[in-house]
Amino acid sequence: MTRPGYGYDPPSPDQVLENVLEDVLQFLTCRSDRNAASLVCKSWYQAEALTRSDLFIGNCYAVAPRRATDRFRRVRSVLLKGKPRFADFGLMPFNWGAHSTRWLAAFADAYPCLERIYLKRMSITDYDLGLIANSFSSLKELTLVCCEGFGTSGLAVIASKCRQLRVLDLFEDEVNHDEVDWISCFPETRTCLESLTFDCVEFPINFTALEKLLARSPNLKKLRLNRFVSIEQLHRLLVRAPQLTHLGTASFSPSEAGQPPEQELDYRAAFAACKSLVCLSGFREIAPEYLPAIYPVCANLTSLNFSYANINAEHLRSVICHCHKLQTLWVLDTVGDEGLQAAAATCKDLRELRLFPIEVREDTEGFVSEVGLLAVSEGCRKLRSILYFCQRMTNAAVIAMSKNCPDLVVFRLCIMGRHRPDHVTNEPMDEGFGAIVMNCKKLTRLAVSGLLTDKAFAYIGKYGKLVRTLSVAFAGDTDMALKYVLEGCPKLQKLEVRDSPFGDSVLRAGLHHFYNMRFVWMSACKLTFPACGEIAREMPHLVVEVFTVQEVPVEEEDEFVDTLYMYRSLEGPRNDAPEYVRIL
1 MTRPGYGYDP
11 PSPDQVLENV
21 LEDVLQFLTC
31 RSDRNAASLV
41 CKSWYQAEAL
51 TRSDLFIGNC
61 YAVAPRRATD
71 RFRRVRSVLL
81 KGKPRFADFG
91 LMPFNWGAHS
101 TRWLAAFADA
111 YPCLERIYLK
121 RMSITDYDLG
131 LIANSFSSLK
141 ELTLVCCEGF
151 GTSGLAVIAS
161 KCRQLRVLDL
171 FEDEVNHDEV
181 DWISCFPETR
191 TCLESLTFDC
201 VEFPINFTAL
211 EKLLARSPNL
221 KKLRLNRFVS
231 IEQLHRLLVR
241 APQLTHLGTA
251 SFSPSEAGQP
261 PEQELDYRAA
271 FAACKSLVCL
281 SGFREIAPEY
291 LPAIYPVCAN
301 LTSLNFSYAN
311 INAEHLRSVI
321 CHCHKLQTLW
331 VLDTVGDEGL
341 QAAAATCKDL
351 RELRLFPIEV
361 REDTEGFVSE
371 VGLLAVSEGC
381 RKLRSILYFC
391 QRMTNAAVIA
401 MSKNCPDLVV
411 FRLCIMGRHR
421 PDHVTNEPMD
431 EGFGAIVMNC
441 KKLTRLAVSG
451 LLTDKAFAYI
461 GKYGKLVRTL
471 SVAFAGDTDM
481 ALKYVLEGCP
491 KLQKLEVRDS
501 PFGDSVLRAG
511 LHHFYNMRFV
521 WMSACKLTFP
531 ACGEIAREMP
541 HLVVEVFTVQ
551 EVPVEEEDEF
561 VDTLYMYRSL
571 EGPRNDAPEY
581 VRIL
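Residue 117 in UniProt numbering is what sits at position 117 of the sequence shown, and the numbering runs on without skipping anything.
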């Protein structure tokens, strides 16, 4: 051992502390904890940056790519988001932005060993996919959610060049049909694929190539098929890949070229062989007489997604009565209150329920009501998250849910139609939503609707101390409503408002709060150009955009702003806005 003074320089105390700090910070996986640690002092800031392997960018315009890559140099996984959530509802103008090229180019220079890329609501071209394939030789996961602009040509490059790819998931993307057989481009040798999702691809794929791909992908656990894979072809895939744990099948009805009755395939036996199956989804085209085929796997299911399946209460009851382990359930409102009562009677471990409308109409009473909500709250006491579309609701049912399910983290009640009151008492829905924020102490996401007065928002401001995302539709009396929220909800990050009577004073009231928020979206409200311009001048690090959904230039002389989108940015205003987006 070399002694001090003989060619050995012991590390300084500061260096020892830095090494220890880096070792400790590696165990921090929560983003909020890491962000808090980076604010302690300069040395912690530097150490946190050096040990961060997962990079999350919630708004692609909030920071310059080079600023992010210069600070974080050892990243292996990136999650990048573009357009705000309202883009999913057609409330963003066409070609608004969120182009991924500049980000991917920066990642290619800084992170050649990148292993995971997750892009959401981004505009992606085939060139971008080629850049990914040629830049990241170690890429293992590529997930694209609600993205647009790319086609089968780009997918073919990914499939052929990313030899270590384990996950290729396409969720609700708009994929162009380039007439390229991308499924055939995967390596002809054994693959590393563990998850393949393409249910959003709206054109046929090469089934023979898919079948061969499964044969050389023994580690494949998750598979979601599009509607062009018939139920007969599904049977062949199940026989070949009984190891699946997650299955999405869009077509669950006999095709015109199906087997004759005397040669009917044994679908039930094929499902029974899949003993590891815990998640079923898809079912865009479903024949109820085929539902018994999935009975053998229902006992092990923890997730069931019928959100595209037009089935009634009887059909759901026949399946759900076997699903005692279910934790996640997505269904259409066609199941009615009776279907929800059946789910509540069986699914005692349910943690998440999403109930979608088969169509948005304001002139009907709908399929579900407070009866279904009440049944779920009484039967599913472990519920953590609920999304519920309906045409009528009562305060009593919402209050009961707040008491029966106090661990709710997400509560989104969407009463379709404008300003609908408690349909029994004809009173505003204030007390129901007030009970939710009072009794559900863990609530972080809330969506409100129906006839609401400022009193409901006063409740939110007083009790919603952990609320991070608030969505408001067709609600509120005066500007005081949002003032209560802005002044009373210290954790608020995202505020989404549409078709509500809020005006300029809301913007002025938020001056001391907007910098702490990720974004504010207000459409079809009563905001004027002068007030929006005032906010832009007083808050230079806040990007203030105004636009219309239609692709037409914004006229400054218009009295009211159609849509306001504000977000904090270290980069300043973007330079790729189309002409109908005006940055103040």
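All C-beta atoms, glycine included, are put in the ideal place defined by N, C-alpha and C.
If we call anything under 8 Å between Cβ atoms a contact, is residue i one with residue j?
{"i": "R85", "j": "E545", "result": "no"}
{"i": "F228", "j": "P254", "result": "no"}
{"i": "G464", "j": "I415", "result": "no"}
{"i": "S569", "j": "V543", "result": "yes"}
{"i": "D479", "j": "S505", "result": "yes"}
{"i": "L155", "j": "I124", "result": "no"}
{"i": "R418", "j": "F502", "result": "no"}
{"i": "L332", "j": "A309", "result": "yes"}
{"i": "R518", "j": "N206", "result": "no"}
{"i": "A509", "j": "K491", "result": "no"}
{"i": "F389", "j": "L355", "result": "yes"}
{"i": "C147", "j": "D88", "result": "no"}
{"i": "A531", "j": "L584", "result": "no"}
{"i": "V239", "j": "E571", "result": "no"}
{"i": "L220", "j": "L196", "result": "yes"}
{"i": "L452", "j": "D430", "result": "yes"}
{"i": "I436", "j": "S402", "result": "yes"}
{"i": "H246", "j": "C279", "result": "yes"}
{"i": "R106", "j": "T152", "result": "One point to set straight first is that residue 106 is Ala, not Arg, in the sequence displayed. Not in contact: A106 and T152 (Cβ atoms no closer than 8 Å)."}
Write down the C-beta distance between residue i and residue j rounded to the nearest angstrom, noting that I regard them as a contact closer than 8 Å.
{"i": "A400", "j": "L374", "result": "6 Å"}
{"i": "L129", "j": "V157", "result": "6 Å"}
{"i": "F306", "j": "W330", "result": "6 Å"}
{"i": "E211", "j": "L193", "result": "In fact, because the Cβ distance is near 14 Å, the residues do not count as touching under 8 Å."}
{"i": "V561", "j": "F529", "result": "6 Å"}
{"i": "A397", "j": "E370", "result": "4 Å"}
{"i": "E115", "j": "E141", "result": "7 Å"}
{"i": "R351", "j": "T328", "result": "7 Å"}
{"i": "P242", "j": "C200", "result": "Contact flag wrong, Cβ pair sits at about 26 Å."}
{"i": "H315", "j": "L353", "result": "At roughly 18 Å, the Cβ-Cβ gap does not stay under 8 Å, so H315 and L353 are not in contact."}
{"i": "R121", "j": "K83", "result": "4 Å"}
Counting along the chain, where does the beta strand (DSSP E) carrying residue i start and finish?
{"i": "S251", "result": "246 to 252"}
{"i": "G282", "result": "279 to 286"}
{"i": "D54", "result": "54 to 57"}
{"i": "F356", "result": "352 to 356"}
{"i": "T197", "result": "195 to 197"}
{"i": "M566", "result": "563 to 568"}
{"i": "S471", "result": "469 to 473"}
{"i": "W330", "result": "328 to 332"}
{"i": "K81", "result": "77 to 81"}
{"i": "V448", "result": "445 to 448"}
{"i": "L304", "result": "303 to 306"}
{"i": "E174", "result": "174 to 176"}
List the endpoints of the continuous alpha helix (DSSP H) containing residue i.
{"i": "F433", "result": "430 to 439"}
{"i": "M517", "result": "From DSSP, M517 is part of no alpha helix (DSSP H); its letter is neither H nor E."}
{"i": "M480", "result": "480 to 488"}
{"i": "F502", "result": "Per DSSP, F502 belongs to no alpha helix (DSSP H) and is neither H nor E."}
{"i": "V546", "result": "Looking at the DSSP string, V546 is not in any alpha helix (DSSP H); the run it does join, the beta strand (DSSP E), is 542 to 547."}
{"i": "F271", "result": "267 to 272"}
{"i": "R71", "result": "65 to 71"}
{"i": "A108", "result": "101 to 110"}
{"i": "I460", "result": "454 to 463"}
{"i": "V297", "result": "295 to 298"}
{"i": "I583", "result": "Unbroken run through I583 is the beta strand (DSSP E), 581 to 583; no alpha helix (DSSP H)."}
{"i": "Y45", "result": "42 to 51"}
{"i": "R317", "result": "313 to 320"}
{"i": "D337", "result": "336 to 346"}
{"i": "K192", "result": "For the record, residue 192 in the displayed sequence is Cys; it is not Lys. Segment: none, C192 is in no alpha helix (DSSP H) and carries neither H nor E."}
{"i": "A536", "result": "529 to 538"}
Can you check whether the C-beta of residue i is within less than 8 Å of a C-beta belonging to chain B?
{"i": "R354", "result": "Structure shown: chain B not included; a single protein chain is present."}
Cβ pair count under 8 Å reaching 3, the segment 283 to 303 against the segment 312 to 321: Touching, per the Cβ criterion.
Uninterrupted alpha helix (DSSP H) stretches inside the segment 362 to 392 (no shorter than 4 residues): 370 to 379
Segments assigned beta strand (DSSP E), at least 3 residues, entirely inside the segment 117 to 170: 141 to 145, 148 to 151
Three CB pairs or more closer than 8 Å across the segment 408 to 424 and the segment 437 to 452: yes
Uninterrupted beta strand (DSSP E) stretches inside the segment 401 to 433 (no shorter than 3 residues): 410 to 415
Three or more C-beta pairs below 8 Å linking the segment 88 to 96 and the segment 64 to 74: no
Contact the segment 182 to 192 vs the segment 211 to 220: 3+ CB pairs below 8 Å: yes
Every unbroken beta strand (DSSP E) inside the segment 208 to 251 [3 residues or more]: 222 to 224
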